[in-house]
Amino acid sequence: MALDFDAIKRKLDKLSGNTTSRNVMWKPEEGQEYKVRLLSFPSNDGQPFKELLFYYNIPGQRGLLAPSQFGKRDPVQELITKLRDEGTKESYEMAKKLYPKMRVYAAVVVRGEEDKGVQLWSFGKLVYQKLLGIMLDEDYGDITDPKTGRDIKVICSKPPGQQWAKTEILPRGRATKLSDDTNQAKEWMSNIPDIKGIFQTKSYDELSKIVNDWLNGDNEDDEGTEKFGSTSDDDDTPSSGGGGKSYNDLDDAFADLMS
273 MALDFDAIKR KLDKLSGNTT SRNVMWKPEE GQEYKVRLLS FPSNDGQPFK ELLFYYNIPG
333 QRGLLAPSQF GKRDPVQELI TKLRDEGTKE SYEMAKKLYP KMRVYAAVVV RGEEDKGVQL
393 WSFGKLVYQK LLGIMLDEDY GDITDPKTGR DIKVICSKPP GQQWAKTEIL PRGRATKLSD
453 DTNQAKEWMS NIPDIKGIFQ TKSYDELSKI VNDWLNGDNE DDEGTEKFGS TSDDDDTPSS
513 GGGGKSYNDL DDAFADLMS
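Laid out in structure tokens, this is it:
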């Protein structure tokens with residue numbers, strides 16, 4: 273088997289403390305309006321954004337990549353299947369809580385923050401649908417194209433009476449280049465962060481132990497553990513999980529996952 277030198281480099285960077293995963297993550301702040309340029313990930317089967325599935329309702333865990341999305345054996349998915357096969361109301365409800373949650377990642381250049389280079393923006397289903405809808409609109413098309421694309425407005429606000437912030441997406445009125453500086457544009461396109469270097473999938477045995485410990489009650493009341501609470505399909509839903517560290521929304525939980 274040939275050596276995976278990229279994997280070796282990531283391991284070396286991690287051991288040397290040179291990882292930059294925290295620095296590349298970007299999140300819009302409540303009450304702010306941004307102008308953002310989206311970039312397509314290279315070698316991504318023609319899709320502009322990357323989807324990842326996480327298990328986040330297992331107590332004591334900060335979010336676990338679902339191995340099944342990569343065609344690997346997955347003890348959590350096996351448990352979900354077993355619970356569904358039992359056919360009881362209780363087993364169905366438990367299986368429903370274990371279903372993985374999709375997070376989507378976009379490479380972005382935030383106007384006014386160009387010195388930070390290309391960053392990664394994580395969002396949920398609703399923002400994802402809005403972005404895809406814009407791209408399917410013939411008036412806009414491929415907004416990620418570095419020459420004929422266009423910026424978008426990202427507005428994060430909390431409407432009166434609402435418990436959490438909402439993210440609004442609006443396409444800018446005209447097409448623009450990624451950068452008037454051709455060299456700068458090439459540099460950004462060549463330095464899109466690699467998702468594979470940020471998230472790691474646990475082995476089957478590691479995940480099996482986590483699941484078994486949870487089922488046996490070994491980690492129900494762990495001190496100092498960060499948990500994601502139950503959420504809906506909204507992008508910014510407050511955590512309702514008990515114990516451990518609490519979060520105002522799912523984006524905060526995923527931001528903490530990167531620390």
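Numbering-wise (this note's numbering), the sequence shown opens with residue 273 and increments by one. Quick reminder that beta carbons are idealized off the backbone N, C-alpha and C, glycines included.
Endpoints, the alpha helix (DSSP H) within which residue i is located
{"i": "Pro347", "result": "Pro347 to Glu358"}
{"i": "Ala457", "result": "Thr454 to Ser462"}
{"i": "Ile482", "result": "Tyr476 to Leu487"}
Contact set for residue i: own chain, Cβ-Cβ below 6 Å, skip 5 residues either direction
{"i": "Gln401", "result": "none"}
{"i": "Lys322", "result": "Phe313, Tyr377 and Ile467"}
{"i": "Glu423", "result": "A small correction: the amino acid at residue 423 is Asp; Glu does not occupy that position in the sequence shown. Here the set comprises Lys307, Arg309 and Arg444."}
{"i": "Lys474", "result": "none"}
{"i": "Asp505", "result": "Summary for Asp505: the model assigns pLDDT 40, below 50, so the residue's position carries little reliability; its value from the coordinates is reported in the next sentence. Correct list, in chain order: Lys397."}
{"i": "Tyr412", "result": "Ile406 and Pro443"}
7 Å Cβ shell around residue i - same chain, five flanking residues per side excluded
{"i": "Trp298", "result": "Val380, Val382, Gln391, Leu392 and Trp393"}
{"i": "Gln304", "result": "Cys428"}
{"i": "Pro314", "result": "Ile464"}
{"i": "Leu403", "result": "Ile441"}
In DSSP terms, what residue i is bridged to
{"i": "Val426", "result": "Tyr306 and Ile441"}
{"i": "Phe326", "result": "Leu337 and Lys373"}
{"i": "Met297", "result": "Leu392"}
{"i": "Val382", "result": "Val308"}
Expected contact under 8 Å - CB spacing of residue i and residue j to nearest Å
{"i": "Gly389", "j": "Trp460", "result": "7 Å"}
{"i": "Val426", "j": "Val296", "result": "About 17 Å separates the two Cβ atoms, so there is no contact after all."}
{"i": "Val348", "j": "Leu479", "result": "6 Å"}
{"i": "Pro418", "j": "Ala457", "result": "5 Å"}
{"i": "Asp414", "j": "Gly405", "result": "The pair is not a contact, with the Cβ atoms about 14 Å apart (cut-off 8 Å)."}
{"i": "Lys373", "j": "Phe326", "result": "6 Å"}
{"i": "Leu324", "j": "Phe471", "result": "7 Å"}
Residue range of the unbroken beta strand (DSSP E) whose run includes residue i
{"i": "Gln391", "result": "Gln391 to Phe395"}
Same chain, Cβ closer than 8 Å to residue i, neighbours up to 5 away in sequence not counted
{"i": "Tyr371", "result": "Ile352"}
{"i": "Val483", "result": "Ile330, Pro347, Val348 and Leu351"}
Please confirm if the stretch 445 to 454 is in contact with the stretch 330 to 345, defined as three or more CB-CB distances below 8 Å between the two stretches. Contact fails: fewer than three Cβ-Cβ distances are below 8 Å.
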